[in-house]
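**Q**
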Amino acid sequence: MLEADSYSVREHLRDGSPVEIRALRSEDEVGMLAAVEGTSAQSLQRRFFAMKRHFSDRERAFFVDVDFKTHVALVALAGEAGQTAIVGGGRYIVFEPGRAEMAFMVVDAWQGRGVGSILMRHLINLAGEAELRELSAEVLPENATMLSVFGKFGFEPAARRDPQTVHLVLKLNER
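Per our numbering, the very first residue in the sequence shown carries number 236; after that it's consecutive.
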């Protein structure tokens, strides 16, 4: 069984660049905030459905203090300007037994290189190991790239909760 809280694997992006996918750690807060600073207003809008560049103490605690049971978060680390930096992140949060919602963000300079797909694959595997039955996501209709990534992994449109978003669902027991 995979241990989500100590999860760490090395991968290569489509362009051959090495990346480490690992469990989010509490000491990653500064790196996460730096990643947000390196992300465009449009990308932040697509992730948070609002222009969000600053977070309250409570919001920062929510994003960093994960229990790896009902809230699992992974980061993608890569070399950037001679240092290792967080270039993307993904998470799922269980909202009722067996069902969780996913969310992702990739720093603009790293978009289109496979970071989101790699994070997605690892989170789906962890969700399966945790015996979740269903993953869902809310995506803005204009975010064609993420809609494509979710589609590649078998997510299908489902009844909408919010008319401003596309609600996607993946049944894990049907994979």
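Cβ coordinates follow ideal geometry from the N, Cα and C atoms, glycine included.
1. Taking the C-alpha atoms as reference points, what is the distance between T305 and L367?
2. Taking the alpha-carbon of F303 as reference, which of A320, A270, G325 has the nearest alpha-carbon?
3. N360 to R395, Cα distance in whole Å?
4. Tell me the start and end of each unbroken alpha helix (DSSP H) in the stretch 300–367 that is at least 4 residues and wholly inside, in chain order.
5. Hey, T400 and V384 are a contact pair by Cβ (cut 8 Å); roughly how many whole angstroms apart?
6. To which residues of the same chain is N408 closer than 6 Å at the C-beta, ignoring the five residues directly before and after it?
7. Among E315, F390, S352, A270, which residue has its Cα nearest to the Cα of R249?
8. Who are the Cβ neighbours of G333 in its own chain at under 8 Å, not counting the five residues just before and after it?
9. Once DSSP output is grouped into helix, strand and coil, what is the label at E414?
10. Near F284, what residues of its chain come up, given a Cβ to Cβ distance below 6 Å and the 5 sequence neighbours on each side ignored?
**A** Per the coordinate set shown:
1. Each residue's Cα considered, the two are about 10 Å apart.
2. It is G325 whose Cα lies nearest to the Cα of F303.
3. Spanning the two alpha carbons is a distance of roughly 25 Å.
4. If we require 4 residues or more, the alpha helix (DSSP H) runs fully inside the stretch 300–367 come out as 350–364.
5. Approximately 16 Å separates the beta-carbon atoms of T400 and V384; this is outside 8 Å, ruling out the contact.
6. For N408, the CB contacts under 6 Å within the same chain, skipping 5 residues up- and downstream, are R368 in chain order.
7. When each option's Cα is compared against that of R249, the closest is S352.
8. Annotation for G333: E366, L367, R368, E369 place their beta carbon closer than 8 Å to its own, counting only its chain and skipping 5 residues before and after.
9. Any property of residue 414 remains undetermined from this structure, which presents the chain solely from 236 to 410.
10. With a pLDDT of 47 at F284, under the threshold of 50, the modelled position of that residue is not reliable, and no figure is offered here.
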